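Below you'll find the structure, written out as structure tokens, and then a few comments.
Here you go:
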């Protein structure tokens, strides 16, 4: 089920009493978080935007053939 507001870009699968958070980025399904239903939404609101941005950046680097280490070295040089 697609999420909205602060969790936009994520989907969740309920496996009572747990929830699995995942994102679909390009052709990839990325599992990001698994927690008890009573805790998952509170926790997810804290990490969701940052993790989704990082996942998209990593996949873009991978598609461009650039390793994260090479990119980190580049950032240090500028």
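Numbering (the numbering used here), first residue to last: 518 to 595.
Glycine is no exception: its CB is placed at the ideal position from the N, C-alpha and C atoms.
Computed from a predicted model, the values in this text were never measured in an experiment.
- Annotated as proximal: residue 552 and residue 560, with beta-carbon spacing under 7 Å.
- In the three-state DSSP reduction, residue 529 falls in the strand class (E or B).
- Residue pairing of residue 595 in beta bridges, as defined by DSSP: absent, with no partner found.
- Within its own chain, the residues whose Cβ lies closer than 7 Å to the Cβ of residue 548, once the five positions on either side in sequence are excluded, are 537, 539, listed in chain order.
- For residue 583, there is no enclosing alpha helix (DSSP H), since its DSSP letter is neither H nor E.
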